[in-house]
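J.: If you use the working numbering, the sequence shown corresponds to residues 1 to 235, in order.
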Amino acid sequence: RQEGCTTYALNSAIRENHIEVVRFLVERRTEGCSDATVHHAAATGKLDVLRLLHDTTLGRFSSQTMDMAAAAGQLQVVKFLHCHRPDDGCSADAMDDASRRGFGQVVRYLHDLGKTCTTNAMDDAAANGHLDIVQFLHNYRHEGCTTDAMNQAARNGHLNVVTFLHTHRKERCTVDALNDAASFGHAAVVGYLKEHLITFCDMNRAATLARRGGHVALALELEMIPTVPHHIDLI
Numbered sequence: 001r002q003e004g005c006t007t008y009a010l011n012s013a014i015r016e017n018h019i020e021v022v023r024f025l026v027e028r029r030t031e032g033c034s035d036a037t038v039h040h041a042a043a044t045g046k047l048d049v050l051r052l053l054h055d056t057t058l059g060r061f062s063s064q065t066m067d068m069a070a071a072a073g074q075l076q077v078v079k080f081l082h083c084h085r086p087d088d089g090c091s092a093d094a095m096d097d098a099s100r101r102g103f104g105q106v107v108r109y110l111h112d113l114g115k116t117c118t119t120n121a122m123d124d125a126a127a128n129g130h131l132d133i134v135q136f137l138h139n140y141r142h143e144g145c146t147t148d149a150m151n152q153a154a155r156n157g158h159l160n161v162v163t164f165l166h167t168h169r170k171e172r173c174t175v176d177a178l179n180d181a182a183s184f185g186h187a188a189v190v191g192y193l194k195e196h197l198i199t200f201c202d203m204n205r206a207a208t209l210a211r212r213g214g215h216v217a218l219a220l221e222l223e224m225i226p227t228v229p230h231h232i233d234l235i
């Protein structure tokens with residue numbers, strides 16, 4: 001037949017992981033596949049597919065390919081792309097997203113390659129309770145974090161992260177840390193923040209939020225604490 005096919009053929013074969021169909025199409029057809037399909041293969045760890053696309057130049061790789069692999073924790077794909085397609089590289093999103101999702105091995109590998117990240121890396125790792133990554137970024141990177149790190153760790157009840165950030169970082173947090181921890185009923189976090197407050201927090205506001213969230217015992221405890229009558233945002 002002479003009708004041929006479109007990129008849909010290879011796109012579908014890759015997404016369904018029909019490797020022999022993929023092999024046939026890349027060896028005998030020239031239509032190729034979409035950029036999104038290359039990124040999908042990277043994010044889902046389809047190394048055999050990526051090797052075929054690399055060898056036949058039918059797949060258009062870019063920095064986003066490694067970004068997607070890193071965000072999905074696909075360390076072997078990240079290594080393959082670095083070794084075989086070093087010119088494509090990656091963006092700061094690679095380490096940021098790997099940190100956010102807790103893929104420590106990927107974070108360490110990207111760091112060893114000299115890749116960049118932003119404050120989002122530690123902020124988001126803290127928010128999701130990935131203490132090992134927060135510690136690694138603190139010890140070996142210079143980007144640091146913002147007040148969002150402790151704020152979000154407190155909001156999500158990650159006391160170990162809050163404790164580490166309070167002990168080792170200077171960014172501290174805003175009143176949102178206490179308010180959000182109270183709102184979601186994280187009593188241990190609230191207790192830690194109360195103990196270490198050195199400036200203003202409106203305990204009545206925190207108590208109101210705790211009560212709205214159905215955390216009555218915590219609200220009653222907060223209502224017993226006097227509010228200092230001046231305002232400083234940082235704790």
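Beta carbons are placed, not taken as given, at the ideal position from N, Cα and C, and that holds for glycine.
1) Between which two residues does the alpha helix (DSSP H) harbouring Gly-104 extend?
2) Which residue marks the beginning of the alpha helix (DSSP H) containing Phe-164, and which one marks its end?
3) So the candidates are Tyr-109, Leu-131, Ala-92; which of them puts its Cα closest to the Cα of Asn-120?
4) Nearer than 7 Å: is that true of the beta carbon of Ser-34 relative to any heavy atom of the ligand ATP?
5) Could you say which of Leu-75, Leu-81, Asp-88 lies nearest to Gly-102 if we only look at CA atoms?
6) Output the distance between the C-alpha atoms of Ala-182 and Asp-97, rounded to the nearest integer angstrom.
7) With a CB to CB cut of under 8 Å and the five nearest residues on each side skipped, what residues in its chain are close to Asp-67?
8) Please report the straight-line C-alpha distance between His-194 and Ala-71, rounded to a whole angstrom.
9) Which first and last residues belong to the alpha helix (DSSP H) in which Gln-76 is found?
10) Go ahead and label Asn-17 buried or exposed: buried means 16 or more other beta carbons lie within 10 angstroms of its beta carbon, across all protein chains shown.
11) Given a cut-off of 8 Å, decide if Leu-159 and Ala-149 are closer than it, judged by their beta-carbon atoms.
12) At the level of alpha carbons, what is the spacing between Thr-57 and Ile-133?
13) For Gly-32 and Thr-147, I'd like the C-alpha separation in whole angstroms.
14) What span of residues does the alpha helix (DSSP H) with Glu-223 cover, start to end?
15) Output the boundary residues of the alpha helix (DSSP H) element that contains Phe-184.
16) Quick one: is Glu-216 buried, meaning 16 or more other Cβ sit within 10 Å of its Cβ, or exposed?
17) Using 8 Å for Cβ pairs, my map puts Cys-201 next to Leu-178. What's the rounded Cβ distance?
18) Output needed for Gln-135: all residues of its chain with C-beta closer than 8 Å, excluding positions within five of it in sequence on either side, in chain order.
19) If you reduce the DSSP assignment to three classes, tell me which class Thr-119 lands in.
20) Can the beta-carbon of Gly-45 be found less than 8 Å from the beta-carbon of Val-77?
T.: Quick look at the numbers:
1) As a first step, residue 104 is located in the sequence shown; it is residue number 104 there, counting from the start. Counting along the chain, the alpha helix (DSSP H) containing Gly-104 begins and ends at 104-112.
2) For this step, residue 164 is matched to residue 164 along the sequence shown. Secondary structure note for Phe-164: its alpha helix (DSSP H) is the uninterrupted segment 159-168.
3) The residue labelled residue 120 in the question sits at position 120 within the sequence shown. Ranking Tyr-109, Leu-131, Ala-92 by Cα distance to Asn-120 puts Ala-92 first.
4) Here there are no bound small molecules, and the ligand ATP is not part of this structure.
5) Here residue 102 corresponds to residue number 102 of the sequence shown, with the count starting at 1. Closest option to Gly-102, Cα to Cα, is Leu-75.
6) If you number the sequence shown from 1, residue 182 lands on position 182. If you number the sequence shown from 1, residue 97 lands on position 97. Distance from the CA atom of Ala-182 to the CA atom of Asp-97, rounded to whole angstroms, is 28 Å.
7) By one-based count along the sequence shown, residue 67 stands at place 67. Answer for Asp-67: Cys-90, Ser-91, Asp-93, Ala-94, Asp-97, listed in chain order.
8) Along the sequence shown, read from residue 1 onward, the residue named residue 194 stands at position 194. Along the sequence shown, read from residue 1 onward, the residue named residue 71 stands at position 71. For the sequence presented, residue 194 should be read as Lys rather than His. Taking the straight line from one Cα to the other gives about 36 Å.
9) Here residue 76 corresponds to residue number 76 of the sequence shown, with the count starting at 1. Taken as a continuous stretch (DSSP letters only), the alpha helix (DSSP H) holding Gln-76 covers 75-84.
10) Start at 1 with the first residue of the sequence shown, and residue 17 comes out as number 17. Exposed.
11) Taking the sequence shown and counting its residues from 1, one reaches residue 149 at position 149. Taking the sequence shown and counting its residues from 1, one reaches residue 159 at position 159. No, the pair does not count as a contact, with Cβ atoms beyond the cut-off.
12) Here residue 57 corresponds to residue number 57 of the sequence shown, with the count starting at 1. Here residue 133 corresponds to residue number 133 of the sequence shown, with the count starting at 1. The alpha-carbon of Thr-57 is positioned some 36 Å away from that of Ile-133.
13) Taking the first residue of the sequence shown as position 1, residue 32 is located at position 32. Taking the first residue of the sequence shown as position 1, residue 147 is located at position 147. Distance between Gly-32 and Thr-147, taken at the CA atoms: about 46 Å.
14) For this step, residue 223 is matched to residue 223 along the sequence shown. First-last of the alpha helix (DSSP H) with Glu-223: 216-223.
15) Counting from one through the sequence shown, the residue named residue 184 turns up at place 184. Segment: none, Phe-184 is in no alpha helix (DSSP H) and carries neither H nor E.
16) The residue labelled residue 216 in the question sits at position 216 within the sequence shown. Residue identity differs from the one stated: residue 216 is Val in this sequence, not Glu. Exposed is the call here.
17) On the sequence shown, position 201 is the one that residue 201 refers to. On the sequence shown, position 178 is the one that residue 178 refers to. Taking C-beta atoms under 8 Å as the contact rule, Cys-201 and Leu-178 qualify, at a distance of about 5 Å.
18) To locate residue 135, count along the sequence shown from 1; it is residue 135. The residues are Phe-164.
19) Looking up residue 119 in the sequence shown gives position 119. Secondary structure at Thr-119: helix, using DSSP grouped into helix, strand and coil.
20) As a working mapping, residue 45 is identified with position 45 in the sequence shown. As a working mapping, residue 77 is identified with position 77 in the sequence shown. It is a contact, given that the beta carbons lie within the stated cut-off.
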